[in-house]
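So, in structure tokens, the structure goes:
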């Protein structure tokens with residue numbers, strides 16, 4: 409995943425925020441916390457994971473499916489953009 413090196417720090421920061429959310433869920437459940445807060449945190453965590461997934465998928469498409477040297481055809485570029493739009497819509 410060499411293409412992730414450019415934004416590795418951002419990805420790690422996202423992962424750490426997600427980790428913090430998961431820890432908060434665990435603590436709330438162990439402490440018999442408010443169910444509403446637990447559900448909201450789970451939903452936020454899911455959204456954060458989906459955002460992370462979308463970012464990694466986009467990098468994969470741009471660096472492994474398309475030609476990373478910019479030699480992809482117009483048709484390939486259009487198909488990749490359409491795919492990314494569908495994936496992003498699905499993950500929302």
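In the working numbering, the protein residues as written are 409 to 500. Beta carbons: idealized from backbone N, C-alpha and C, even for Gly.
> How about residue 465 and residue 495: are their beta carbons less than 8 Å apart?
Replying inline: yes
> Taking three-plus beta-carbon pairs below 8 Å as touching, is the stretch 418 to 430 in contact with the stretch 455 to 465?
Replying inline: yes
>> Tell me the DSSP secondary structure of residue 481 in three-state form.
In response: coil
> For residue 433, which residues from the same chain have a beta carbon less than 8 Å from its beta carbon, with the 5 sequence-adjacent residues on both sides left out?
Replying inline: 446, 449, 450, 453, listed in sequence order.
> In whole angstroms, what is the alpha-carbon distance linking residue 474 and residue 487?
Replying inline: 10 Å
> Residue ranges of each alpha helix (DSSP H) run of no fewer than 4 residues wholly in the stretch 426 to 485, ordered along the chain?
Replying inline: 443 to 468
> In whole angstroms, what separates the C-alpha of residue 476 from that of residue 470?
Replying inline: C-alpha separation (whole angstroms): 7 Å.
>> Beta-carbon within less than 8 Å of residue 485's beta-carbon, same chain only, minus the 5 sequence neighbours each way: which residues are those?
In response: 474
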